[in-house]
Amino acid sequence: MKYRADISLLFVAFVWGATFVVVQNAIAFLPPLLFNGVRFAMASILLWIWVFIFERKPLDKQLIRAGFILGIWLCLGYALQTVGLLYTTSSKAGFITGLNVVLVPLFAFIILKQKPSLNAVIGSVLAACGLYFLTVSGDMSMNKGDLFVFLCAVAFALHIVSTSIYATKFSAVLLTTVQVQTVSIVCFICSYLFEDWSVIPLSTFLKFDVWIALLITALFATTIAFFIQTHFQQYTSPTRVALIFALEPVFAALTAYIWNDERLQQAALFGAALILLGMIFSELPQHIWQRKKSARLS
Numbered sequence: 134m135k136y137r138a139d140i141s142l143l144f145v146a147f148v149w150g151a152t153f154v155v156v157q158n159a160i161a162f163l164p165p166l167l168f169n170g171v172r173f174a175m176a177s178i179l180l181w182i183w184v185f186i187f188e189r190k191p192l193d194k195q196l197i198r199a200g201f202i203l204g205i206w207l208c209l210g211y212a213l214q215t216v217g218l219l220y221t222t223s224s225k226a227g228f229i230t231g232l233n234v235v236l237v238p239l240f241a242f243i244i245l246k247q248k249p250s251l252n253a254v255i256g257s258v259l260a261a262c263g264l265y266f267l268t269v270s271g272d273m274s275m276n277k278g279d280l281f282v283f284l285c286a287v288a289f290a291l292h293i294v295s296t297s298i299y300a301t302k303f304s305a306v307l308l309t310t311v312q313v314q315t316v317s318i319v320c321f322i323c324s325y326l327f328e329d330w331s332v333i334p335l336s337t338f339l340k341f342d343v344w345i346a347l348l349i350t351a352l353f354a355t356t357i358a359f360f361i362q363t364h365f366q367q368y369t370s371p372t373r374v375a376l377i378f379a380l381e382p383v384f385a386a387l388t389a390y391i392w393n394d395e396r397l398q399q400a401a402l403f404g405a406a407l408i409l410l411g412m413i414f415s416e417l418p419q420h421i422w423q424r425k426k427s428a429r430l431s
């Protein structure tokens, strides 16, 4: 089940990376918070239909509370990232967001008392270094946008850790449904407060590309992806989840190369290799280090 979980979560990283270009094209027409509000609303409708037809389990207060907490962390991540992108570059935002690969083991240790293995720590550091080379090529001075994006990374890391807490306690479908519904409602409220809907032409809602982007992200990048994460994260550690999700920008770069013919620079290729090396390193048996330690002592 462990390897099935890893493969399934790897598929989630692939979907998120592959749909990055689709989302980027769509938010050229719709404000980001409104786009996410519609996307998560469509996903919640699909999930509620599934619940009413197949699940037929009652919603209790504990489940609603757990789904609400997950939804708030998830929504905070998207909202803070969106605000941060107003003041910083997308490359820096990509790197700083990816730092949750280092934050997750820290929060897992503090909250869950899960001490990460040496392999996982080294793998996380290698992945973080890889994210730097993959996404950053220029000025690394800090500004307020970078702070917002760092807080976004904190929110995403806490979402992963919180999912590990609740995934084993509740139905994955119901938990996913409540958290997706929460994100939708909060995104709509924030969009109404902070985005100007009056500047959106009515023709935007008639664009084929916008609806295709909404349908693809609602079905694959939201409904299926968050269900897989919620269901399979109970079979693995939050640190491994963060490492697997670090491959998202790698898949995004590959998709951009295939569809938009965007060429990766040598530094970016080196970064992708480091992320993969971090993944492989985290898979090495822990007893290797114990043997080496024993050999030195003897």
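One rule links them: number in the numbering used here = place in the sequence shown (from 1) + 133. Each residue gets a CB set at the ideal place from its N, CA and C atoms; glycine is no exception.
Assumed close pair residue i, residue j - CB separation to whole angstroms, cut-off 8 Å
{"i": "L259", "j": "L410", "result": "5 Å"}
{"i": "G170", "j": "L267", "result": "That pair is no contact at about 30 Å."}
{"i": "I293", "j": "F414", "result": "About 20 Å; that fails the 8 Å criterion."}
{"i": "T230", "j": "C320", "result": "Actually they do not touch by this definition, with Cβ atoms about 18 Å apart."}
{"i": "L179", "j": "T356", "result": "5 Å"}
{"i": "A174", "j": "C323", "result": "That pair is no contact at about 14 Å."}
{"i": "A354", "j": "W149", "result": "6 Å"}
Length of the line joining the Cα atoms of residue i and residue j
{"i": "A351", "j": "S177", "result": "9 Å"}
{"i": "T296", "j": "T152", "result": "23 Å"}
{"i": "L402", "j": "I391", "result": "15 Å"}
{"i": "G227", "j": "L236", "result": "15 Å"}
{"i": "L430", "j": "V216", "result": "For L430, the pLDDT reaches just 48, beneath the cut-off of 50, and the residue's location in the model is therefore unreliable, although a value from the coordinates is still provided. Taking the straight line joining both Cα atoms gives about 53 Å."}
{"i": "T388", "j": "Q398", "result": "15 Å"}
{"i": "F185", "j": "Y265", "result": "45 Å"}
{"i": "L307", "j": "I205", "result": "16 Å"}
{"i": "D139", "j": "T369", "result": "8 Å"}
{"i": "A428", "j": "P382", "result": "Caution applies to A428, whose pLDDT of 49 falls short of 50 and renders its modelled position unreliable; the model cannot decide the point."}
{"i": "L339", "j": "L163", "result": "12 Å"}
{"i": "I243", "j": "L291", "result": "11 Å"}
{"i": "V155", "j": "N276", "result": "28 Å"}
{"i": "A400", "j": "V316", "result": "36 Å"}
{"i": "Q362", "j": "E328", "result": "30 Å"}
Check: residue i C-beta below 6 Å from any heavy atom of the ligand SAM
{"i": "G404", "result": "With respect to the ligand SAM, the structure offers nothing, as it holds no ligand at all."}
Counted within 10 angstroms of its Cβ, other Cβ atoms place residue i as buried (16 or more) or exposed
{"i": "Y366", "result": "According to the sequence as given, residue 366 is Gln; it is not Tyr. Buried."}
{"i": "R373", "result": "buried"}
{"i": "R189", "result": "exposed"}
{"i": "I182", "result": "exposed"}
{"i": "F360", "result": "buried"}
{"i": "R172", "result": "buried"}
{"i": "L219", "result": "exposed"}
Exercise. Does the count of Cβ pairs from the segment 340 to 347 and the segment 154 to 162 closer than 8 Å reach three?
Worked result: Inter-segment contact for the segment 340 to 347 and the segment 154 to 162 is present: three or more beta-carbon pairs are separated by less than 8 Å.
Exercise. If we count Cβ pairs, one from each stretch, closer than 8 Å, do we get three or more for the segment 144 to 156 versus the segment 373 to 384?
Worked result: Counting Cβ pairs under 8 Å, three or more are found: they touch.
Exercise. Touching or not, the segment 197 to 207 and the segment 297 to 314, by the rule of three or more beta carbon pairs under 8 Å?
Worked result: The segment 197 to 207 is in contact with the segment 297 to 314.
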